[in-house]
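Undergrad: Per the working numbering: the sequence shown = residues 12 to 137. Glycine included, every Cβ here is placed at the ideal spot set by N, Cα and C.
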Amino acid sequence: MGVAYHGNYLPWMEIGRTELLRSSGVSYGTMEAEGFFLVITRCEVRYRRPVRYDDLIEVRTRVESTSRVKIRHAYEIALIERHGRVPNPSDPGVPADGVCAVGTTELACVGADGRPRELPAWLVAK
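#1: Return the first residue and the last residue of the beta strand (DSSP E) that S76 is part of.
#2: Starting from the C-beta of Y58, find all residues in its chain whose C-beta is less than 6 Å away, skip the five residues before and the five after it, and write them out in chain order.
#3: Can the beta-carbon of V74 be found less than 7 Å from the beta-carbon of C120?
#4: Given 8 Å as the limit, is there contact between the segment 63-74 and the segment 23-31, that is, 3 or more CB pairs closer than that?
#5: If we cut at 7 Å on Cβ distances, does T72 have a partner in chain C?
#6: With burial defined as no fewer than 16 other Cβ atoms inside 10 Å of the residue's Cβ, what is the status of M10: buried or exposed?
#7: Determine which residues share a DSSP beta bridge with I91 and list them.
#8: Which partner residues of L134 appear in the DSSP bridge assignment?
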């Protein structure tokens, strides 16, 4: 079939989330060293068009909302290059807006003991 396995989308989203955090000046390692751990409580992916083998993609990640102990991220997995070229939106295999999949994750903040913990103020402010 030549398409990426559907389970690959979740690790791509995790990479997007990790890089979003890193771009704010904090790493997951630093956060965990301070006793804050984020665990997935919900995830969703809507597949619009397949990502194919050797496609170049971009994972666009943003914080959608936060609460006292939860943070929700939204993702777009966009097609950047196919067969070494910018994709043609008139191709039926290419989404007109370039977005192959959209997704969300909800993460809860817990301490080392696994009990809910308030999100750190610096994370909510970012």
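TA: The structure says:
#1: Walking along the sequence shown from the start, residue 76 turns up at place 65. Start and end: 67-77.
#2: If you number the sequence shown from 1, residue 58 lands on position 47. The residues are A112.
#3: In the sequence shown, the residue the question calls residue 74 occupies position 63. In the sequence shown, the residue the question calls residue 120 occupies position 109. In this structure, C120 does not lie closer than 7 Å to V74 by Cβ.
#4: yes
#5: In the displayed structure, chain C is absent; only one protein chain is listed.
#6: Examination of residue 10 is not possible in this model, given that the chain is present from 12 through 137 alone.
#7: Taking the sequence shown and counting its residues from 1, the one referred to as residue 91 is at position 80. The partner list for I91 (beta bridge, DSSP) is empty, contrary to what the question assumes.
#8: Here residue 134 corresponds to residue number 123 of the sequence shown, with the count starting at 1. None; L134 has no bridge partner.
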